[in-house]
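S.K.: Everything in the sequence shown is counted per full-length UniProt numbering, starting at 1 for the first residue and increasing by one.
Yeah, the Cβ is synthetic: ideal placement off N, Cα and C, and Gly gets one too.
Source: prediction; values computed, not measured.
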Amino acid sequence: MENTINAFYKAFNNLDAETMVSYYHDDIVFKDPAFGTLKGHHAKNMWRMLCQSQKNKDFKVTAYNITNSSATWEAFYTFSKTKRKIHNTVNAKFMFQDGKIISHTDTFNLYKWSKQALGLKGTLIGWTPFFKTQFQQQTNKLLHQFEQKHRSN
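Dropping the structure here:
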């Protein structure tokens, strides 16, 4: 399982979404502060969308402290809406079923992320439940639009 997690993040660093989602069980449940809870093909499509959005851009993922059920990973990228540099540290927890990832929960400091991504606006409102709710609605809307555009997935 440690090898699977390592390969998952290696594929993410290479922006290879299809390899990433090949490690996911069809009944995957993914959770994080940005998207909330995503299940099945929505979780898989989230990785497809994120990888596609970073193609030909300054993007790097480094994973470490990898065990059979967890990892810490860092992402370095530019937030497209504001062109601000992001360094996000994420703690990931995994559960496996039938040799595939059935549960994947990422936790990170959304307030710290919002300050990096949005500057003063993030500093002022990034800590609020309102911001988290609005942000999740926006990211899920983007995912829905991506899925509509790529209906074959």
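Can you tell me which of the three DSSP states residue 173 falls into?
M.R.: This structure gives no information on residue 173, because the portion of the chain shown stretches from 1 to 153.
S.K.: Which same chain residues end up closer than 7 Å to glutamine 145 when comparing Cβ atoms and leaving out the 5 residues on each side of it in sequence?
M.R.: Contacts found: none.
S.K.: So, helix, strand or coil for isoleucine 66, using DSSP?
M.R.: Note: isoleucine 66 maps to coil in three-state DSSP.
S.K.: Could you tell me which of Trp113, Leu38, Tyr9 and Asn6 sits nearest to lysine 141, measuring between CA atoms?
M.R.: When only C-alpha atoms are compared, the closest one is Leu38.
S.K.: In the structure shown, what three-state DSSP assignment does arginine 84 receive?
M.R.: If DSSP states are grouped into helix, strand and coil, arginine 84 belongs with the strands.
S.K.: Are there three or more Cβ pairs, one per stretch, closer than 8 Å when the segment 104–113 is compared with the segment 76–95?
M.R.: Taking 8 Å as the limit for Cβ pairs, the verdict is that the segment 76–95 does touch the segment 104–113.
S.K.: Could you please give me the residues that DSSP links to tyrosine 77 through a beta bridge?
M.R.: Answer is Ile86, bridged to tyrosine 77.
S.K.: What are the partner residues of asparagine 91, as DSSP defines its beta bridges?
M.R.: Asparagine 91 pairs with Thr72 and Thr107.
S.K.: Using DSSP with H/G/I as helix, E/B as strand and the rest coil, what is phenylalanine 96?
M.R.: Three-state result, phenylalanine 96: strand.
S.K.: Can you name the start and end residues of the alpha helix (DSSP H) that tyrosine 9 belongs to?
M.R.: Tyrosine 9 -> alpha helix (DSSP H) spans 2–13.
S.K.: Is the segment 27–38 close to the segment 58–65, with three or more CB pairs under 8 Å?
M.R.: These segments do not touch.
S.K.: Identify the continuous beta strand (DSSP E) that holds phenylalanine 30 and give its terminal residues.
M.R.: Its beta strand (DSSP E) spans residues 24–32.
S.K.: Using beta-carbon positions only, say whether isoleucine 86 and histidine 25 come within less than 8 Å of one another.
M.R.: Taking 8 Å as the Cβ cut-off, isoleucine 86 and histidine 25 do not qualify as a contacting pair.
S.K.: Just how far apart, CA to CA, sit residue 154 and leucine 124?
M.R.: Look at the range of the chain in this structure, 1 to 153, and you will see that residue 154 is not part of it.
S.K.: Between the alpha carbons of leucine 120 and threonine 139, how many angstroms are there, rounded?
M.R.: Distance between the alpha carbons of leucine 120 and threonine 139: 20 Å.
S.K.: Alpha carbon to alpha carbon, how far is glutamine 148 from serine 69?
M.R.: For glutamine 148 and serine 69, the distance between alpha carbons rounds to 33 Å.
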